[in-house]
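One structure is given here, and the rest of the page talks about it.
2 protein chains.
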Amino acid sequence: MASKSKMDGSIGAKNKQKILAAAEKAFATYGFKGTSVQQIADEAELPKTNILYYFKSKQGLYVAMLQDIMSLWNSRFDQVTEEDDPAESLADYIADKMTVSRTHPQASKIFAMEVLNGAPYLNKFFSNEHVAWMEGRVAILNRWIEQGRMTPVDPLYLLFHIWACTQHYADFSAQITSLRGKTMKRADFDEATRQLVQLILSGCGLTVPEKYAEL
Amino acid sequence: MASKSKMDGSIGAKNKQKILAAAEKAFATYGFKGTSVQQIADEAELPKTNILYYFKSKQGLYVAMLQDIMSLWNSRFDQVTEEDDPAESLADYIADKMTVSRTHPQASKIFAMEVLNGAPYLNKFFSNEHVAWMEGRVAILNRWIEQGRMTPVDPLYLLFHIWACTQHYADFSAQITSLRGKTMKRADFDEATRQLVQLILSGCGLTVPEKYAEL
DNA sequence: CAATTTCCTGACCACTTAGTCACTTTTTAC
DNA sequence: GTAAAAAGTGACTAAGTGGTCAGGAAATTG
Chain Y
-19 MASKSKMDGS
-9 IGAKNKQKIL
1 AAAEKAFATY
11 GFKGTSVQQI
21 ADEAELPKTN
31 ILYYFKSKQG
41 LYVAMLQDIM
51 SLWNSRFDQV
61 TEEDDPAESL
71 ADYIADKMTV
81 SRTHPQASKI
91 FAMEVLNGAP
101 YLNKFFSNEH
111 VAWMEGRVAI
121 LNRWIEQGRM
131 TPVDPLYLLF
141 HIWACTQHYA
151 DFSAQITSLR
161 GKTMKRADFD
171 EATRQLVQLI
181 LSGCGLTVPE
191 KYAEL
Chain R
-19 MASKSKMDGS
-9 IGAKNKQKIL
1 AAAEKAFATY
11 GFKGTSVQQI
21 ADEAELPKTN
31 ILYYFKSKQG
41 LYVAMLQDIM
51 SLWNSRFDQV
61 TEEDDPAESL
71 ADYIADKMTV
81 SRTHPQASKI
91 FAMEVLNGAP
101 YLNKFFSNEH
111 VAWMEGRVAI
121 LNRWIEQGRM
131 TPVDPLYLLF
141 HIWACTQHYA
151 DFSAQITSLR
161 GKTMKRADFD
171 EATRQLVQLI
181 LSGCGLTVPE
191 KYAEL
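Chains Y and R, in that order, give the protein sequences.
Sequential numbering of the first sequence, starting at -19, is according to the numbering used here.
Sequential numbering of the second sequence, starting at -19, is according to the numbering used here.
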């Protein structure tokens, strides 16, 4: 939730946060082209010109908001080493990602839209930090496999599948709500997490840790 | 690929198809608001007014295209009964859905965008055919579980996870391509399918059928 | 208190957009 | 062949868009 620019002018800082929050809500609901600066202004309860004062353009605001969002992707899994336990590390990672889907569904949707449209503003990020992160995690998973601590699976696809399932609960909430006949509450997310942890870990030949076991 | 209106005027039918194909391409790339009727006209190599002649409005064209797309979701899994083999039925379903992701990525992206934005044009579909389909499939999965033919999992979440993973390969292709450094070819989809079948089936306590086993 | 920087905004503009309309051309039907 | 229906289209309109700008208010600093 932090932005790197001038935290000095406390008035400006506060307004920027208010604008970023309004932008997240609006962009998540209507997409980049579908959202007008006026809508964001209404949501933030500020005149339109004020938005353009803090962020030089609609695109500038969008990019600033995207950077904010990307920081949510950090998790305990970033620090995992090959000494850690595969089952617990993966289960925790799944749980972390499920938590983000529950607490920041709008951010997840914006990210999804961005990637759907070819990730025009994320390609730079993808080909730098993201690739490096991926290589590191894949290496650790491969070590675990070499050591016989989990079933041989392709780590790349395994991570894709974890992302797909966890983000699905944020991105496709409309479909999920329709099919369930009710929205996903905290308890439902916990149950979904248990189901997913069981599925993925069993699929990797791992035993589900105590704390993710069913009641 | 069929639309219900006048298939008589072969000129009109052909043009409608050309327009629908152009619309699918454009909407998948730029979204509903991000696509102008003029862009679709250029793509279809027809004057803009001609588009509005066949489809009374941009929204009308969009809805017609959505209906076209929904028919792609049919699969062999629709006809599965409790007498069928769980492992083979699920594996085939996963493979079918992966095939659609490979052959119709644009359709998948449009569906994803629609759901992301709250599924305004699909809510009716969701609360009718889709719910019925879901209840039927859930019932069969529960029978398989009662009969001890697969691990007890919540069928609802299992289906969510299958959709999430299979559609991910179409919807998030930009991210996948960036991280792999190359696009997914036919062989890559086949490998992803094998990986996913293994993950899901193992997660359900099922044995992977011969035809989806690794080389 | 004065000066300077930050903050704020109404009026306005250039441009794009979906959709209409009057009209012509082509195809079909008898 | 001719009438009627379908197909096709250029010119236009009304509404909404992102963004500019000139000028003023408020806060900060010395």
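For every residue, glycine included, the Cβ atom is placed at its ideal position computed from N, Cα and C.
Quick caveat, the model's predicted, so the values are computed rather than measured.
- Under the three-state reduction of DSSP, R:MET164 is assigned to coil, being neither helix nor strand.
- Between the C-alpha atoms of R:GLY14 and Y:GLU126 there is a straight-line separation of about 48 angstroms.
- The Cβ-Cβ distance between R:ILE156 and R:VAL60 does not fall below 8 angstroms.
- According to the DSSP assignment, R:GLY116 belongs to the alpha helix (DSSP H) that extends over 111 to 126.
- Secondary structure of R:PHE105 (DSSP, three-state): helix.
- Here Y:TYR33 is exposed, its C-beta having fewer than 16 other C-beta atoms within 10 Å.
- According to the DSSP assignment, R:THR131 belongs to no alpha helix (DSSP H), since it is labelled neither H nor E.
- Look at Y:THR61 here: in three-state DSSP terms it is coil, with no helix or strand label.
- Identification of chain Y residues near R:MET93 by a Cβ-Cβ cut-off of 8 angstroms yields GLY11, MET93 and LEU96, ordered along the chain.
- For Y:LEU159, the chain R residues whose C-beta falls within less than 8 angstroms of its own C-beta are PHE106, HIS110, VAL111, MET114 and LEU136, listed in chain order.
- In this structure, the straight-line span from the alpha carbon of R:GLU115 to that of R:VAL133 is close to 15 angstroms.
- For Y:HIS141, the C-beta contacts it makes with chain R under 7 angstroms involve CYS145, LEU176 and LEU179, in order along the chain.
- For Y:ASP58, the number of other beta carbons within 10 angstroms of its own is below 16, and it is reported as exposed.
- Counting along the chain, Y:LYS28 sits inside the alpha helix (DSSP H) bounded by residues 28 to 34.
- Chain-order list of chain Y residues neighbouring R:PHE169: empty, with the shortest C-beta distance near 11 angstroms, by a criterion of under 8 angstroms.
- The Cβ neighbour count for Y:ASN108, taken over all protein chains shown within 10 Å, is under 16; the residue is labelled exposed.
- Measuring C-alpha to C-alpha distances from Y:PHE169 to each of Y:HIS141, Y:ALA75, Y:LEU181 and Y:VAL95 identifies Y:ALA75 as the nearest.
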